[in-house]
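Working notes for the structure below.
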Amino acid sequence: MSSVSDPTSLSGAELDAVAARWVSGFELALSRAEDGAVRSLFHDDAWWRDLLGFTWDLRTAHGLKQLDSAVSERAGQSGLSMAMIGNASLVDAGTEHWIQAMFTFTTDLAHGRGVLRLVRRDDVWKAWTVMTAMDGLVGHEELTGTNRPHGGAHGTDRSQRNWAESRKLKSEFTASEPAVVIVGAGHGGLGLAARLGCLGIDTLVIDRNPRIGDSWRNRYDSLVLHDPVWYDHLPYLPFPSSWPVYSPKDKLADWLESYAATMELNVWTGTELRASDYDAASGQWSVTLERTDGTTRVVRPHHLVLATGVSGTEPNIPEIAGADTYAGMLCHSHGFPHGHDFSGRRAVVVGSCNSGHDIAQELYERGADVTMLQRSPTYVVSVASAAVPMTGVYDESGPPTDVADLLGASFPFTAAPEMHRATTAAMAELDSDIIAALEKSGFMWSSGIDGTGALGLFLHKGGGYYINVGTSELIAAGEIKIKSGTEIETFTKSGLELSDGSALAADVVVLATGYRGMLDTARRLLGPDVADRCGPVWGLDDEGELRGVWRQSGHDGLWFMGGNLAMARFYGKFLALQIKAIEEGLVGDASRARPAL
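305 is the number that my numbering gives to position 103 of the sequence shown; each next residue is one higher, with no gaps.
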């Protein structure tokens with residue numbers, strides 16, 4: 203017999219029963235709105251994150267007032283049924299325990315999965331966090347598994363084409379128009395194209411580079427991904443079991459190239475978007491594409507997706523007095539030369555985040571005398587410590603990637619700042635020796651926005667930190683010098699004068715000052731009229747969801763796709779499902795309007 207006051211005494215069957223009762227109650231509440239249903243299911247400080255499950259958007263409701271509005275708004279779901287998946291578990295969160303469980307849901311329109319966490323207050327188990335996420339549209343299932351294509355063209359028809367001939371015709375779009383054009387053949391664009399392809403949506407990906415993967419090949423030589431392999435799988439095609447834990451950029455580039463071929467993606471390399479126009483009446487774009495041979499082609503998709511990265515493609519190059527008088531080499535990190543010998547040259551790297559650190563280390567390794575100019579404090583965490591929060595989720599012993607993704611997304615971004623602060627503090631404790639050595643060298647270390655480390659910086663700014671893979675040790679040892687708390691006042695012929703009155707002699711200056719963002723890329727490619735109709739892209743909205751990415755941009759038929767490999771893999775599915783629903787006439791712009799909670 204279990205103890206009422208001790209959750210650890212609950213048997214597995216009792217945990218399952220508690221979770222199953224809650225799921226049944228939630229199903230009833232969404233089937234028909236009843237007074238008091240929300241208060242009986244949710245704690246005062248509860249969260250419900252819905253990813254297309256019951257709205258055509260990514261939404262988060264917090265607190266009983268918003269939850270009551272959310273449940274009322276979504277009540278009356280036709281054909282709704284819910285059921286537990288597997289067994290519930292009791293999680294020790296340190297300060298309290300929660301029951302964690304997964305469940306499925308189905309409506310007449312869609313099916314999906316959810317994750318719930320129940321905490322006990324006043325001897326009553328109620329929800330603290332709930333997440334519902336659409337997996338697919340009923341009647342429009344992905345062409346995978348038991349629904350995979352046949353592949354063969356058996357028979358005696360003399361006019362039939364073989365697979366290679368059919369692929370060539372399809373990829374050229376000579377007899378048809380793509381429903382979707384994606385600009386950018388990086389991991390985000392290719393992953394989204396694969397999602398759309400498995401939903402039967404004809405998609406064309408364009409990239410200005412000569413080869414798929416060149417967006418990675420063209421970056422500085424020393425670049426290695428900072429996230430482990432288990433976190434970085436692409437949709438449908440995980441890395442092989444022999445893949446290294448951390449991916450070198452050229453190896454990843456080759457993998458993207460092979461991924462596009464294996465997933466039968468229609469990619470035009472050496473192709474740039476030269477002009478575009480959107481006809482609101484027909485819901486169709488006219489997009490002029492130019493190939494490297496000078497030929498042009500106008501395609502008319504319903505949807506245009508910019509998948510040019512979270513930071514966009516427009517380098518953020520500060521205007522600094524005297525730059526035209528400087529006699530040395532001046533470049534942005536975007537144009538940093540590969541394989542150059544810098545022996546005996548004095549180099550200054552302006553910027554102290556990932557690119558700044560990586561380039562400083564590469565300059566050092568190529569013989570330069572390097573100084574990093576740090577304008578403001580920077581969050582730094584070792585690559586080993588950064589992997590600790592992923593233990594048991596994204597590692598060799600973790601669950602399947604799709605389950606790991608659901609568990610990770612089931613915490614609303616802003617639901618547990620104390621947890622993020624505690625995790626950041628724990629990682630800082632692991633890194634205490636190198637942090638102390640950095641600060642002793644003059645480096646200004648920060649714990650990030652409100653102490654939330656890399657996660658908070660990434661969600662709010664898309665970057666602004668360094669995952670240490672060796673540069674911190676060089677700084678601590680004095681091999682790379684630090685000049686902190688000051689900015690460039692002016693260039694001189696031979697170097698820099700700084701705002702604190704000091705000067706730096708420099709033969710090479712690299713501006714590791716980031717990029718201006720996806721909206722600036724849209725402005726350059728599509729013009730100010732289109733860009734001005736879009737809302738902000740990236741950063742958190744008033745509900746704690748990322749703005750403008752994987753969801754409505756503010757301009758019909760225009761979407762933004764971004765995020766690291768894991769986010770692109772997971773959230774790209776929801777962008778693909780929205781496009782599929784529009785193409786099938788299941789949803790229109792009016793029904794996708796967002797009501798306030």
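Beta carbons: idealized from backbone N, C-alpha and C, even for Gly.
Keep in mind it's a predicted model, so treat the numbers as computed, not measured.
- The Cβ neighbour count for L345, taken over all protein chains shown within 10 Å, is under 16; the residue is labelled exposed.
- Counting only runs of 4+ residues, the alpha helix (DSSP H) found wholly inside the stretch 485 to 571 occupies 556 to 567, in chain order.
- Annotated three-state conformation of A733 is helix, per DSSP.
- Uninterrupted beta strand (DSSP E) stretches at least 3 residues long and entirely within the stretch 275 to 324 occur at 283 to 294, 299 to 308 and 312 to 323, given in chain order.
- According to the DSSP assignment, A463 belongs to the alpha helix (DSSP H) that extends over K451 to T464.
- Going by C-alpha positions, S478 is about 24 Å away from L371.
- Rounded to whole angstroms, the gap between the alpha carbons of A589 and T626 is 12 Å.
- If you look at T473, you'll find it in the beta strand (DSSP E) that goes T473 to D481.
- Counting only residues of its own chain and dropping the five nearest sequence neighbours on each side, V595 has a CB closer than 8 Å to the CB of P601, A606, L609 and G610.
- Non-local C-beta neighbours of D270 in its own chain, meaning closer than 6 Å and more than five positions away in sequence, comprise V240, ordered along the chain.
- In the structure shown, the three-state DSSP call for K685 is strand.
- As DSSP reads the structure, Q576 sits in a beta bridge with S686.
- According to the DSSP assignment, L406 belongs to the beta strand (DSSP E) that extends over T405 to I408.
- Cβ-Cβ distances below 8 Å link E343 to N349 in the same chain, with the five nearest sequence neighbours on each side left out; the list follows chain order.
- Between G255 and T334 a beta carbon distance of about 3 Å is seen, short of the 8 Å cut, so the two are scored as contacting.
- According to the DSSP assignment, M769 belongs to no beta strand (DSSP E) but to the alpha helix (DSSP H) extending over L767 to E785.
- The three-state reading of DSSP puts K372 in helix, counting H, G and I together.
- In the DSSP assignment, F762 falls outside any alpha helix (DSSP H) and lies within the beta strand (DSSP E) extending over L760 to F762.
- The Cβ atoms of G524 and E459 do not sit closer than 7 Å to each other.
- The way I'd put it, the stretch 749 to 758 doesn't touch the stretch 540 to 551; fewer than three beta-carbon pairs between them come closer than 8 Å.
- By the neighbour-count definition (other C-beta atoms within 10 Å, threshold 16), P730 is an exposed residue.
- With a threshold of 16 other beta carbon atoms within 10 Å, H264 meets it and is buried.
- Taking C-beta separations shorter than 7 Å and ignoring five residues to either side along the sequence, the partners of A778 in its chain run L394, R397, L398 and L401, following chain order.
- Of the residues D604, C736, I637 and A656, the one whose Cα lies closest to the Cα of P591 is A656.
- The DSSP-derived three-state label of H264 is strand.
- Sequence-distant partners of A705 (beyond 5 residues in either direction) whose C-beta falls short of 8 Å from its own C-beta, in its chain, are T694, G697, L698 and E699.
- Taking 7 Å as the cut-off, the beta carbon of T688 is found closer than this to the beta carbon of D702.
- Here the alpha carbons of S211 and K451 stand approximately 49 Å from one another.
- If you look at E675, you'll find it in the alpha helix (DSSP H) that goes T673 to A678.
- Exclusion of the five residues before and after A562 leaves V551, V572, M574, T673 and I682 as the residues of its chain whose Cβ lies within less than 7 Å of its Cβ.
- The three-state secondary structure of I669, taken from DSSP, is strand.
- Straight across, the Cα-Cα distance linking T405 with V383 is about 6 Å.
- Secondary structure at A705: strand, using DSSP grouped into helix, strand and coil.
- Looking at T257, V273, D247 and D259, the one whose alpha-carbon comes closest to that of G238 is V273.
- Non-local beta-carbon contacts of S584 in its own chain, meaning distances under 6 Å to residues more than five positions away in sequence, involve D633 and N670 in chain order.
- According to DSSP, residue pairing for Y717 in a beta bridge involves P517.
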